[in-house]
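Residues in the sequence shown are numbered consecutively from 684, following our numbering.
The structure under discussion appears below in the form of C-alpha coordinates.
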Amino acid sequence: MSESKENMKKIWPKVALVLLIIYTLSLAVATADEIFNLGLFPTKLERMIGKAIRNLKSPDSEVQLQAKKEIELYGDFAIPQLIKALDDPEIKEQVLELLKTVSGKDLGQDPKAWSDWYKKHKHEF
(Lines of atoms letter the chains of each structure in order from A and count residues from 1; the text may use other names and numbers.)
(Lines give C-alpha, C1' and ligand atoms only; values in the text may rest on other atoms or scores of the structure.)
Protein backbone atom coordinates (compact mmCIF):
# COMPACT_ATOMS: atom_id res chain seq x y z
CA MET A 1 0.00 0.00 0.00
CA SER A 2 1.29 3.42 -0.80
CA GLU A 3 2.36 5.86 1.86
CA SER A 4 -0.44 8.32 1.02
CA LYS A 5 -3.08 5.60 1.50
CA GLU A 6 -1.56 4.70 4.85
CA ASN A 7 -1.62 8.35 5.89
CA MET A 8 -5.22 8.64 4.73
CA LYS A 9 -6.20 5.62 6.84
CA LYS A 10 -4.58 7.22 9.87
CA ILE A 11 -6.19 10.63 9.51
CA TRP A 12 -9.62 9.58 8.20
CA PRO A 13 -11.14 9.05 11.70
CA LYS A 14 -9.92 12.49 12.75
CA VAL A 15 -11.32 14.09 9.60
CA ALA A 16 -14.65 12.34 10.14
CA LEU A 17 -14.76 13.55 13.74
CA VAL A 18 -14.01 17.13 12.71
CA LEU A 19 -16.77 16.99 10.09
CA LEU A 20 -19.19 15.61 12.66
CA ILE A 21 -18.28 18.38 15.11
CA ILE A 22 -18.70 21.07 12.46
CA TYR A 23 -22.07 19.62 11.46
CA THR A 24 -23.17 19.43 15.10
CA LEU A 25 -22.08 23.01 15.74
CA SER A 26 -24.01 24.19 12.70
CA LEU A 27 -27.13 22.67 14.26
CA ALA A 28 -26.38 24.17 17.67
CA VAL A 29 -27.84 27.54 16.82
CA ALA A 30 -31.27 26.00 16.44
CA THR A 31 -31.01 23.35 19.13
CA ALA A 32 -28.87 24.73 21.95
CA ASP A 33 -31.91 25.62 24.04
CA GLU A 34 -33.49 22.22 23.52
CA ILE A 35 -30.24 20.38 24.32
CA PHE A 36 -29.68 22.48 27.44
CA ASN A 37 -33.23 21.81 28.60
CA LEU A 38 -32.80 18.05 28.31
CA GLY A 39 -31.11 18.24 31.68
CA LEU A 40 -28.21 16.06 30.63
CA PHE A 41 -25.70 18.54 31.98
CA PRO A 42 -27.33 20.27 34.94
CA THR A 43 -25.77 23.50 36.08
CA LYS A 44 -24.83 24.12 39.69
CA LEU A 45 -27.95 26.26 40.06
CA GLU A 46 -30.14 23.46 38.69
CA ARG A 47 -28.58 21.02 41.15
CA MET A 48 -29.19 23.47 44.00
CA ILE A 49 -32.82 23.92 42.95
CA GLY A 50 -33.24 20.15 42.68
CA LYS A 51 -31.85 19.68 46.17
CA ALA A 52 -34.18 22.34 47.57
CA ILE A 53 -37.17 20.65 45.91
CA ARG A 54 -36.12 17.28 47.36
CA ASN A 55 -35.84 18.95 50.77
CA LEU A 56 -39.55 19.78 50.59
CA LYS A 57 -40.04 16.09 51.45
CA SER A 58 -38.01 16.33 54.63
CA PRO A 59 -39.78 15.29 57.84
CA ASP A 60 -38.08 18.29 59.47
CA SER A 61 -40.30 21.37 59.11
CA GLU A 62 -37.27 23.68 59.45
CA VAL A 63 -35.62 21.97 56.46
CA GLN A 64 -38.85 22.36 54.47
CA LEU A 65 -39.10 26.04 55.39
CA GLN A 66 -35.49 26.65 54.38
CA ALA A 67 -36.11 24.83 51.08
CA LYS A 68 -39.11 27.06 50.33
CA LYS A 69 -37.08 30.20 51.06
CA GLU A 70 -34.27 29.00 48.78
CA ILE A 71 -36.68 28.20 45.95
CA GLU A 72 -38.28 31.63 46.28
CA LEU A 73 -34.80 33.19 46.05
CA TYR A 74 -34.03 31.17 42.91
CA GLY A 75 -37.16 32.69 41.41
CA ASP A 76 -37.82 32.16 37.73
CA PHE A 77 -34.91 29.75 37.45
CA ALA A 78 -36.84 27.25 39.59
CA ILE A 79 -39.98 27.20 37.45
CA PRO A 80 -39.07 24.30 35.09
CA GLN A 81 -38.12 22.00 37.96
CA LEU A 82 -41.13 23.04 40.00
CA ILE A 83 -43.37 22.13 37.07
CA LYS A 84 -41.75 18.69 36.90
CA ALA A 85 -42.22 18.32 40.66
CA LEU A 86 -45.99 18.74 40.25
CA ASP A 87 -46.04 15.03 39.37
CA ASP A 88 -45.00 14.16 42.93
CA PRO A 89 -48.16 13.89 45.06
CA GLU A 90 -46.13 14.12 48.26
CA ILE A 91 -45.11 17.73 47.59
CA LYS A 92 -47.64 18.88 44.98
CA GLU A 93 -49.41 21.39 47.27
CA GLN A 94 -46.13 22.98 48.36
CA VAL A 95 -44.94 23.13 44.75
CA LEU A 96 -48.18 24.77 43.61
CA GLU A 97 -47.80 27.47 46.25
CA LEU A 98 -44.18 28.03 45.22
CA LEU A 99 -45.12 28.24 41.53
CA LYS A 100 -47.76 30.85 42.35
CA THR A 101 -45.26 32.83 44.43
CA VAL A 102 -42.39 32.61 41.96
CA SER A 103 -44.39 33.14 38.76
CA GLY A 104 -47.11 35.46 40.02
CA LYS A 105 -49.62 33.19 38.25
CA ASP A 106 -52.28 30.76 39.43
CA LEU A 107 -52.79 28.15 36.74
CA GLY A 108 -54.34 25.51 38.95
CA GLN A 109 -53.11 21.99 39.60
CA ASP A 110 -52.68 20.75 36.03
CA PRO A 111 -48.97 20.24 35.22
CA LYS A 112 -49.75 20.55 31.48
CA ALA A 113 -51.25 24.02 31.98
CA TRP A 114 -48.09 25.12 33.79
CA SER A 115 -45.85 23.49 31.20
CA ASP A 116 -47.72 25.09 28.28
CA TRP A 117 -47.59 28.48 29.98
CA TYR A 118 -43.86 28.17 30.61
CA LYS A 119 -43.11 27.11 27.03
CA LYS A 120 -45.01 30.16 25.80
CA HIS A 121 -43.42 32.63 28.24
CA LYS A 122 -39.96 31.29 29.08
CA HIS A 123 -38.30 33.88 26.82
CA GLU A 124 -39.59 36.56 29.20
CA PHE A 125 -37.51 35.27 32.10
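All C-beta atoms, glycine included, are put in the ideal place defined by N, C-alpha and C.
This structure is a prediction, so every number in the text was calculated from the model and none was measured.
Going by C-alpha to C-alpha distance, which of the options sits closest to residue i?
i      : options                        : result
LEU782 : GLY758, PRO742, SER741, LEU702 : GLY758
PRO805 : GLY791, GLN764, ASN738         : According to the sequence shown, residue 805 is Lys rather than Pro. Checking every option, the nearest Cα to that of LYS805 belongs to GLN764.
LEU739 : LYS692, LYS751, VAL698         : LYS751
TRP774 : SER744, GLU807, LYS688, LYS788 : The question names Trp, but residue 774 is Ile in the sequence shown. Ranking the options by Cα distance to ILE774, first place goes to SER744.
Do you know offhand how far residue i's Cα is from residue j's?
i      : j      : result
THR707 : LEU728 : 26 Å
PRO696 : PHE760 : 41 Å
PRO772 : LEU702 : 47 Å
MET731 : GLN792 : 24 Å
GLN747 : ILE704 : 45 Å
SER685 : ALA699 : 21 Å
ILE754 : MET691 : 55 Å
PRO742 : LYS734 : 15 Å
GLU807 : GLU689 : 55 Å
LYS802 : GLN749 : 28 Å
ASP789 : LEU756 : 19 Å
PRO725 : PRO794 : 22 Å
Using a 10 Å radius around the Cβ and a threshold of 16 neighbouring Cβ atoms, would you call residue i buried or exposed?
i      : result
VAL778 : buried
ILE736 : buried
ILE694 : exposed
Suppose contacts are defined by Cβ-Cβ distances below 8 Å. Is residue i in contact with residue j by that definition?
i      : j      : result
ILE762 : VAL785 : yes
TRP800 : LEU769 : no
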